[in-house]
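Notes follow the structure.
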Amino acid sequence: MIDSVYQDRISQIVKIAQESNHIVSQQIAFDILQDKDNHLTVEEFEQASNDLRAKGVQITSFETSEDYPDDPSSAPTFIPADVHIQTRSVNVDAILDRLNYNEIDLKPLFQRQGNLWSMQQQSRLIESLMLKIPLPAFYFDAADESSWVVIDGLQRLTAFQNYLMPSEKDNDPSKTPPYRLEGLQYLTQFNGKTFSELPRQYIRRIKESQLVLYLVERGTPDEIVRNIFQRINTGGLTLSEQEIRQALYEGDGTKLTEELAKSESFLNATQNAVETDRMTDREYINRYLAFTLFDYEKCYNGNIDSFLSYALKELKKCSPGRLDQIRSDFCHTMDLCAFLFGKYAFRTQNKDWRRGRLNKALFEVCSVCFSRLSAEKESILRAHSSDFLKCFHDLLQKDEYRNALRGGDSSAVRRRINMTQEFLEAFICSNE
């Protein structure tokens, strides 16, 4: 590759990364470096990757998606009188009892993972109890008294489970043995001990330690509960909106998003480029379900979080047969998009066919428009797939269409879907 061309492409990648917190996906970097030269070797790409890292660019296997902002006028109202939060003081033993009876779920669908703290961090939490040092407050969604959802405190509760239960006196081989303390700062003589091996005074002190709980009670509106999830975070592990939705509306809908996000059809259509650890992949599925199953013209008011939450709540009411049909329709739609668009699926392109990032608005548009096609219309598109891709590429170059993809208000959503629908109808009619 000619040096001046190489430097120009490196500069392009750096510019793109600067717009995304200095992060760029491996796929986009490779695309730009290769461009129309189809002979970029692994060694050349590795050298370019090193040059990019030297310029402060982080290259990831996944890519950030292009999104659109909510309509500011659609922000939900927050009425203090609607907030029902009870403060409760309980001892550690009471929390252990709830954990033992599975009345606190340590593996809710919204959590990325529990054991994020190191063994030393967890051990020192237990040491704090032994030293009579108060712990920060815990927050729970307690709408269901028999099954609390953790809003804040997952890592501390995980440490309780790892170190304080189950008792070694249990003979159940399926239970994991308690961890041994390590890295203690002051009570170093207890390093290597399990909870049951501690002197009785420390066992009693741990169990009787008082904890402050804030319980969000039944009757608090969903919008406010979601807002509390977003605001409360003492562990520095801020939850994404999709992680919060997965927590609040756990059921058939959230299980379906998890299942479809792992489906071969979705992974193939998106080329495995959607991030998974913040549940961005499930958010894409949530968007498909919301826009294809519900009347977006009536239900979407410019706030995507509210619309996606509504969809998950409604999906909890679906029959098994209906869920099976949704699975089938989703996979069929994704397979069709993969066939028609190939590596350009759900992405904007410039006039030289250089791909942009995955675009959530385009994903929604394709989900709606291609899921509605009759078998006859689909066969026409498949038969003329090359011409279709070129015509859609031309559509993406139009300012009116690109502007419609950027808006988050309800009129912009309707406009881009209608424009795509009209384009499809015109193309199909001209090729019948």
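Heads up: the sequence shown is residues 423 to 854, going by the working numbering.
Think of the CB as a built atom: it goes at the ideal place given N, C-alpha and C, for glycine as much as any other residue.
All of these numbers come straight from a predicted model, not from anything done at the bench.
Could you check which residue in the options has the C-alpha nearest to that of residue i?
{"i": "Asn847", "options": "Asn443, Ser808 and Phe814", "result": "Checking the displayed sequence, the identity of residue 847 turns out to be Glu instead of Asn. Measuring from the Cα of Glu847, the nearest candidate turns out to be Phe814."}
{"i": "Thr842", "options": "Ser801, Val787 and Leu633", "result": "Val787"}
{"i": "Val446", "options": "Leu474, Ser731, Gln542 and Glu465", "result": "Leu474"}
{"i": "Glu665", "options": "Glu719, Gln429, Lys739 and Glu705", "result": "Glu705"}
{"i": "Ile432", "options": "Ser442, Val479, Asn443 and Glu441", "result": "Val479"}
{"i": "Leu689", "options": "Ile628, Thr482, Ser442 and Phe752", "result": "Phe752"}
{"i": "Arg837", "options": "Glu719, Ala733 and Ser796", "result": "Glu719"}
{"i": "Leu745", "options": "Arg794, Lys677, Ser801 and Gly778", "result": "Lys677"}
{"i": "Ala581", "options": "Phe849, Glu549, Asn840 and Glu844", "result": "Glu549"}
{"i": "Gly830", "options": "Ala783, Tyr671 and Lys812", "result": "Ala783"}
{"i": "Ala805", "options": "Asn853, Ala683 and Ile438", "result": "Asn853"}
{"i": "Asp717", "options": "Gln456, Lys554, Asp519 and Ala733", "result": "Ala733"}
{"i": "Leu538", "options": "Ile625, Arg546, Leu576 and Ile501", "result": "Leu576"}
{"i": "Asp489", "options": "Gln543, Glu844, Ser796 and Val835", "result": "Val835"}
{"i": "Asp727", "options": "Tyr671, Cys791 and Val436", "result": "Tyr671"}
{"i": "His754", "options": "Arg709, Glu686 and Glu619", "result": "Glu686"}
{"i": "Arg769", "options": "Ser808, Asn472, Leu827 and Ser741", "result": "Leu827"}
{"i": "Ile517", "options": "Ile628, Leu620, Gln456 and Pro599", "result": "Ile628"}
{"i": "Glu736", "options": "Ala669, Leu711, Gln747 and Arg749", "result": "Leu711"}
{"i": "Ser540", "options": "Ala476, Arg520, Tyr601 and Glu567", "result": "Tyr601"}
{"i": "Leu553", "options": "Gln542, Phe729, Asp566 and Gln623", "result": "Gln623"}
{"i": "Asp515", "options": "Met587, Thr714, Glu567 and Ser487", "result": "Met587"}
{"i": "Ser618", "options": "Thr610, Ile435 and Tyr585", "result": "Tyr585"}
{"i": "Arg777", "options": "Tyr428, Gln429 and Leu455", "result": "Leu455"}
Ordered along the chain, which non-local residues of its own chain (more than five positions away) have a Cβ less than 7 angstroms from that of residue i?
{"i": "Ser569", "result": "Glu525 and Asp527"}
{"i": "Thr656", "result": "Residue placement at Thr656 cannot be trusted, given a pLDDT of 49 that sits under 50; what the coordinates show is reported in the next sentence. Here the set comprises Pro558 and Asp574."}
{"i": "Cys851", "result": "none"}
{"i": "Ala564", "result": "Trp570, Leu637, Val638 and Glu639"}
{"i": "Gly673", "result": "Lys738"}
{"i": "Val505", "result": "Thr642 and Ile646"}
{"i": "Gln607", "result": "Arg546 and Glu549"}
{"i": "Phe612", "result": "Leu603, Leu606 and Leu620"}
{"i": "Ser662", "result": "Arg700 and Met701"}
Can you look up residue i in the DSSP assignment and give me helix, strand or coil?
{"i": "Ile481", "result": "strand"}
{"i": "Phe560", "result": "strand"}
{"i": "Ser808", "result": "helix"}
{"i": "Asp504", "result": "helix"}
{"i": "Asn725", "result": "coil"}
{"i": "Ser447", "result": "strand"}
{"i": "Gln693", "result": "coil"}
{"i": "Asn772", "result": "coil"}
{"i": "Glu465", "result": "helix"}
{"i": "Asn825", "result": "helix"}
{"i": "Asn853", "result": "coil"}
{"i": "Lys591", "result": "At Lys591, the pLDDT of 41 sits below 50, so the modelled position is not reliable; the number obtained from the coordinates is stated separately. The answer is coil: DSSP assigns Lys591 none of H, G, I, E or B."}
{"i": "Pro600", "result": "coil"}
{"i": "Leu620", "result": "coil"}
{"i": "Lys799", "result": "helix"}
{"i": "Cys759", "result": "helix"}
{"i": "Asp831", "result": "coil"}
{"i": "Thr698", "result": "coil"}
{"i": "Arg890", "result": "This structure does not reach residue 890, given that the chain is present from 423 up to 854, and the question cannot be answered."}
{"i": "Pro643", "result": "coil"}
{"i": "Gln819", "result": "coil"}
{"i": "Cys740", "result": "coil"}
{"i": "Asp717", "result": "coil"}
{"i": "Ala476", "result": "helix"}
{"i": "Gly605", "result": "coil"}
{"i": "Ala439", "result": "helix"}
{"i": "Ser662", "result": "coil"}
{"i": "Asn649", "result": "helix"}
{"i": "Ala565", "result": "coil"}
{"i": "Ile748", "result": "helix"}
Can you pull the DSSP bridge partners for residue i?
{"i": "Ser511", "result": "Val634"}
{"i": "Glu672", "result": "BP columns for Glu672 are empty, so no partner."}
{"i": "Ile526", "result": "Trp570"}
{"i": "Glu488", "result": "Asn781"}
Please list, in chain order, all residues of the same chain as residue i whose beta carbon is under 6 angstroms from its beta carbon, the five residues on each side excluded.
{"i": "Ala691", "result": "Met756, Cys759, Ala760 and Ala767"}
{"i": "Asp821", "result": "none"}
{"i": "Ser731", "result": "Arg667"}
{"i": "Asp702", "result": "Strictly speaking, residue 702 in this sequence is Thr, with Asp absent from that position. Cβ neighbours of Thr702 beyond the five flanking positions: Val696."}
{"i": "Gln440", "result": "none"}
{"i": "Phe845", "result": "Leu817"}
Looking only at its own chain, which residues have a Cβ that is under 8 angstroms from the Cβ of residue i, when we skip the five neighbours before and after it?
{"i": "Gln693", "result": "Gln449, Lys765 and Ala767"}
{"i": "Leu635", "result": "Thr509, Arg510, Ser511, Val512, Ala559, Phe560, Tyr561 and Phe562"}
{"i": "Ser426", "result": "none"}
{"i": "His444", "result": "Gly478, Val479 and Gln480"}
{"i": "Arg824", "result": "Thr770 and Leu818"}
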